[in-house]
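Beneath this line is the structure, given in structure tokens, with notes to follow.
There are 2 protein chains.
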Amino acid sequence: MNNGGILLTFHFELIKECKFSKARLGKLYTPHGTIDTPTFMPVGTQATVKAMGPDELKDIGAQIILSNTYHLFIRPGHKLIEKAGGLHSFMNWDRSILTDSGGFQVFSLNELRKITEEGVEFKSHLDGTKHFFTPERVIEIQQSLGADIIMAFDECIPYPCEKEYALKSMERTFRWLKRCHEAHNNTKQALFGIVQGGAFKDLRIESAQKTTSIDLPGYAIGGLSVGEPKEIMNEMIEYIIPYLPNNKPRYLMGVGSPDSLIEGAIRGIDMFDCVLPTRMARNGTVLTSNGKLVIRNASYGKDFRPIDENCDCYACKNFSRAYIRHLIKAREILGSRLTTIHNLRFLQNLMKDIREAIKNDSLLNFRGDFFNKLGYDK
Amino acid sequence: MNNGGILLTFHFELIKECKFSKARLGKLYTPHGTIDTPTFMPVGTQATVKAMGPDELKDIGAQIILSNTYHLFIRPGHKLIEKAGGLHSFMNWDRSILTDSGGFQVFSLNELRKITEEGVEFKSHLDGTKHFFTPERVIEIQQSLGADIIMAFDECIPYPCEKEYALKSMERTFRWLKRCHEAHNNTKQALFGIVQGGAFKDLRIESAQKTTSIDLPGYAIGGLSVGEPKEIMNEMIEYIIPYLPNNKPRYLMGVGSPDSLIEGAIRGIDMFDCVLPTRMARNGTVLTSNGKLVIRNASYGKDFRPIDENCDCYACKNFSRAYIRHLIKAREILGSRLTTIHNLRFLQNLMKDIREAIKNDSLLNFRGDFFNKLGYDK
Numbered sequence: 000m001n002n003g004g005i006l007l008t009f010h011f012e013l014i015k016e017c018k019f020s021k022a023r024l025g026k027l028y029t030p031h032g033t034i035d036t037p038t039f040m041p042v043g044t045q046a047t048v049k050a051m052g053p054d055e056l057k058d059i060g061a062q063i064i065l066s067n068t069y070h071l072f073i074r075p076g077h078k079l080i081e082k083a084g085g086l087h088s089f090m091n092w093d094r095s096i097l098t099d100s101g102g103f104q105v106f107s108l109n110e111l112r113k114i115t116e117e118g119v120e121f122k123s124h125l126d127g128t129k130h131f132f133t134p135e136r137v138i139e140i141q142q143s144l145g146a147d148i149i150m151a152f153d154e155c156i157p158y159p160c161e162k163e164y165a166l167k168s169m170e171r172t173f174r175w176l177k178r179c180h181e182a183h184n185n186t187k188q189a190l191f192g193i194v195q196g197g198a199f200k201d202l203r204i205e206s207a208q209k210t211t212s213i214d215l216p217g218y219a220i221g222g223l224s225v226g227e228p229k230e231i232m233n234e235m236i237e238y239i240i241p242y243l244p245n246n247k248p249r250y251l252m253g254v255g256s257p258d259s260l261i262e263g264a265i266r267g268i269d270m271f272d273c274v275l276p277t278r279m280a281r282n283g284t285v286l287t288s289n290g291k292l293v294i295r296n297a298s299y300g301k302d303f304r305p306i307d308e309n310c311d312c313y314a315c316k317n318f319s320r321a322y323i324r325h326l327i328k329a330r331e332i333l334g335s336r337l338t339t340i341h342n343l344r345f346l347q348n349l350m351k352d353i354r355e356a357i358k359n360d361s362l363l364n365f366r367g368d369f370f371n372k373l374g375y376d377k
Numbered sequence: 000m001n002n003g004g005i006l007l008t009f010h011f012e013l014i015k016e017c018k019f020s021k022a023r024l025g026k027l028y029t030p031h032g033t034i035d036t037p038t039f040m041p042v043g044t045q046a047t048v049k050a051m052g053p054d055e056l057k058d059i060g061a062q063i064i065l066s067n068t069y070h071l072f073i074r075p076g077h078k079l080i081e082k083a084g085g086l087h088s089f090m091n092w093d094r095s096i097l098t099d100s101g102g103f104q105v106f107s108l109n110e111l112r113k114i115t116e117e118g119v120e121f122k123s124h125l126d127g128t129k130h131f132f133t134p135e136r137v138i139e140i141q142q143s144l145g146a147d148i149i150m151a152f153d154e155c156i157p158y159p160c161e162k163e164y165a166l167k168s169m170e171r172t173f174r175w176l177k178r179c180h181e182a183h184n185n186t187k188q189a190l191f192g193i194v195q196g197g198a199f200k201d202l203r204i205e206s207a208q209k210t211t212s213i214d215l216p217g218y219a220i221g222g223l224s225v226g227e228p229k230e231i232m233n234e235m236i237e238y239i240i241p242y243l244p245n246n247k248p249r250y251l252m253g254v255g256s257p258d259s260l261i262e263g264a265i266r267g268i269d270m271f272d273c274v275l276p277t278r279m280a281r282n283g284t285v286l287t288s289n290g291k292l293v294i295r296n297a298s299y300g301k302d303f304r305p306i307d308e309n310c311d312c313y314a315c316k317n318f319s320r321a322y323i324r325h326l327i328k329a330r331e332i333l334g335s336r337l338t339t340i341h342n343l344r345f346l347q348n349l350m351k352d353i354r355e356a357i358k359n360d361s362l363l364n365f366r367g368d369f370f371n372k373l374g375y376d377k
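Which chain is which? The protein sequence lines are A and B, in order. For what it's worth, numbering that gives the first Met the number 0 labels the leading residue of the first sequence as 0, then goes sequentially. For what it's worth, numbering that gives the first Met the number 0 labels the leading residue of the second sequence as 0, then goes sequentially.
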């Protein structure tokens, strides 16, 4: 209940605001290190960023990763992780971690879950066993996991969604936030609230007002990038941002395509996460300074250049497109590793470029150059 | 045809013979570095040791790896690898490589192949396309791949096998060796001949005599560990060894269980390879100084000790059994990586211990201690 103590270990320093956009340069201090914002958090769903070891994550420059409460609760169980000394110790990662609340995963189970005011009953996707998540339970689980930043239990509605349901859900998400806040008593973990409200301007604003009525160390925007056009996502962000306090970090959940990272930063977002860059990598699609490249394509079969000549990652410094294509086609683990290393390094470098551009008040120019050069799908 | 030049870049130095067994300590000099023998070669079938990067292979101490001609011929094709500057360059491995001749794989295709005196017609396991391997073709492919050590094209017969066929096959394998030797004209690659003859003492001796009648830089024993009891394998090795020249390396193909490495070294073998330690690793079975450990077992669920407290590998220094078990059960790539790193390091350390024991003339005692302590399946 008391967030006073957390200021000792957790706070956000707003270093600079961009002159020509809402973008901000900041530093997020956590018990496990400092994070330069805007930042992209690689996703380690099952206590590992797929294909990567902790040393490689450090090599690509990750300062914080995200892990999923639902998955860890189901397997291996939060009590085991607590017994191991928490998630940092369990997975041997000594930098910052954020855990989501499991809300998104539980609501994705569709036929397998039932929502009441009290919480959500759901069946495990692994063995069908029944479980019940309440706001209090989700806080308890996240306290066992021991991440630096934990998320309130929320409902993530699909797009499109009836306004009546979006309102009802947004109000319940706020009641759940109050219960999470009440249940939260660990001064070493920062609890973030989540703004919901679907694709409805008034609901988004109302949700932002309600959420920020509770003094929390950070605020997230949830329920975007769930199927709506990117224009709507960007609009929603624009509606919400003015209602979020300037001195607290803002986290746009589940977003991580290069264009959305730039657009989000321009609109004042400080933190992002997404599984897409790592999932794409394992399927053989890599991000480059000249656009996306599907390494499986026959045209790369005899291409002995690196994935991206402008990249400084381990994959680009040591291996050719032809070799990586061979590995991906032959379903060799090293293929997934190299493409994952590359995509994550690409995004870390992109975030660094974004921060540099904010410093120089040139982020709008940076966006123009980026899209002209690359033609990333918007 | 000319093996004179190869002495400049390839030779075997016999350092010491064990007083109480046939074990030998040696050094194998190749164009890509020196190998301490007896040695175990990790297998990189498709131009990658599964789950491992080249730096990790160096970290575990590998001085030489094996790669498979058949697989590389099928995908990505030896011409592509030649264009990449050879296998070393293609996979970014600057230490030694041995390629097999494809014989074992082609004969494993069973229904898909047809043997004549000229060679073997077979269908690709990937797309059913027809190909024809002759001794000359196999040498040509291996020259494109550019390994330090290449193998003659042989037939590996199953166990059990009719003596009549074993004789016919052994004689053909020798005629094929002569053709390989004739076709081989690359002085930077060392061609090894292969002793066959199934589980028949007289055929094995005859094959050893025939094979060594050609002056080659090394000799291999093939067609063992194909289903016969280990006692028969060890007997066959004992029959063959006296017919192999002392000043040339001896390679026992496809053998790599800890007990067989010790038994083989005692009988005078210098080189081993096997996919089993890496395959076992991916399935979650690890080798330890106290015997095999099936990390999937529930008993390791809350076991926060390393795989092997006596091991110095990256997995043992950084992660618990409980975490690695979680990764393996959750089918996470990092799980396969950590168990592979461990098993390969375990075998490198075992070979080092074997070499140390040969130096001290204590290999027989070492064997006794090893089996008493571990109870490895013999």
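Backbone N, C-alpha and C fix where the C-beta goes; we use that ideal spot for every residue, glycine too. As the structure is a prediction and not an experimental result, all values here were calculated from the model.
Counted within 10 angstroms of its Cβ, other Cβ atoms place residue i as buried (16 or more) or exposed
i: Y322(A); result: buried
i: N245(B); result: exposed
i: G226(B); result: exposed
i: H341(B); result: buried
i: M371(B); result: The amino acid occupying residue 371(B) in the given sequence is Asn; Met does not appear at that position. Counting Cβ neighbours within 10 Å, N371(B) comes out exposed, since fewer than 16 surround it.
i: I327(A); result: buried
i: P159(A); result: exposed
i: L125(B); result: exposed
C-alpha distance - residue i paired with residue j, whole-angstrom precision
i: E163(A); j: F173(A); result: 16 Å
i: K316(B); j: G60(B); result: 16 Å
i: F369(A); j: D360(A); result: 16 Å
i: E230(A); j: R366(A); result: 16 Å
i: F132(A); j: G102(A); result: 9 Å
i: G3(B); j: T115(B); result: Because G3(B) sits at a pLDDT of 46, beneath the cut-off of 50, its placement in the model cannot be relied upon, and the following sentence gives the value as read from the coordinates. Cα to Cα, G3(B) sits roughly 32 Å from T115(B).
i: T33(B); j: H87(B); result: 15 Å
i: S206(B); j: L223(B); result: 14 Å
i: D54(A); j: K177(B); result: 50 Å
i: F152(A); j: G300(B); result: 28 Å
i: D307(A); j: N296(A); result: 16 Å
i: A182(A); j: S100(A); result: 14 Å
i: L166(B); j: E139(B); result: 27 Å
i: D77(A); j: F303(B); result: This sequence places His at residue 77(A); Asp is not what is there. Cα to Cα, H77(A) sits roughly 15 Å from F303(B).
Contacts that residue i makes with chain B (C-beta to C-beta distance below 8 Å)
i: A50(A); result: I332, L333
Contact set for residue i: own chain, Cβ-Cβ below 6 Å, skip 5 residues either direction
i: N1(B); result: The predicted position of N1(B) is uncertain, since its pLDDT is 42 and thus under 50; no value can be drawn from it.
i: L111(B); result: F121, K122
i: R203(A); result: G196, M235, Y238, I239
i: L108(A); result: F121
i: S288(A); result: D307, N309
i: R336(B); result: A50
i: K200(A); result: Y238
Proximal chain A residues relative to residue i, where beta-carbon distance stays under 9 Å
i: K328(B); result: R74, P75
i: L79(B); result: G300, K301, A321, H325
i: R336(B); result: A50, G52, I332, R336
Close Cβ partners of residue i (< 8 Å) along its chain, the five nearest in sequence each way excluded
i: H220(A); result: In the sequence under discussion, the amino acid at residue 220(A) is Ile, which differs from the His named in the question. Correct list, in chain order: I193, V194, M235, I236, I239, R249, Y250, L251, M252, I268.
i: K57(B); result: R94
Close-in-space but distant-in-sequence residues of the same chain around residue i (CB under 7 Å, 5 per side omitted)
i: S20(A); result: I265, L362, L363
i: G84(A); result: none
Chain E residues whose Cβ lies nearer than 7 Å to that of residue i
i: Q45(B); result: The structure shown contains no chain E; its protein chains are A and B.
Residue interval of the alpha helix (DSSP H) (run including residue i)
i: I353(B); result: 332-358
i: M150(B); result: No alpha helix (DSSP H) contains M150(B), which is instead part of the beta strand (DSSP E) from 148-150.
i: H383(A); result: Summary: the structure shown does not reach residue 383(A), with chain A confined to residues 0 through 377, and so no result is reported for it.
i: H10(A); result: No alpha helix (DSSP H) holds H10(A); the beta strand (DSSP E) holding it covers 10-16.
i: H70(A); result: 68-73
i: G102(B); result: 102-107
i: E34(A); result: Per the sequence shown, residue 34(A) should be read as Ile rather than Glu. Premise fails: I34(A) lies in the beta strand (DSSP E), 32-36, not in any alpha helix (DSSP H).
Chain-ordered chain A contacts of residue i [CB-CB under 8 Å]
i: R320(B); result: By Cβ distance, chain A contributes nothing, its closest Cβ being about 11 Å from R320(B), past 8 Å.
i: A83(B); result: F303, S319, A321, Y322
Under 7 Å from the C-beta of residue i: neighbouring residues of chain B
i: A90(A); result: At residue 90(A) the sequence reads Met, which differs from the Ala that was named. Chain B residues near M90(A): Y322.
Run of the beta strand (DSSP E) containing residue i, from where it starts to where it stops
i: G192(B); result: 189-194
i: H77(A); result: It is not in any beta strand (DSSP E) - H77(A) instead sits in the alpha helix (DSSP H) that spans 77-82.
i: M279(B); result: No beta strand (DSSP E) holds M279(B); the alpha helix (DSSP H) holding it covers 275-281.
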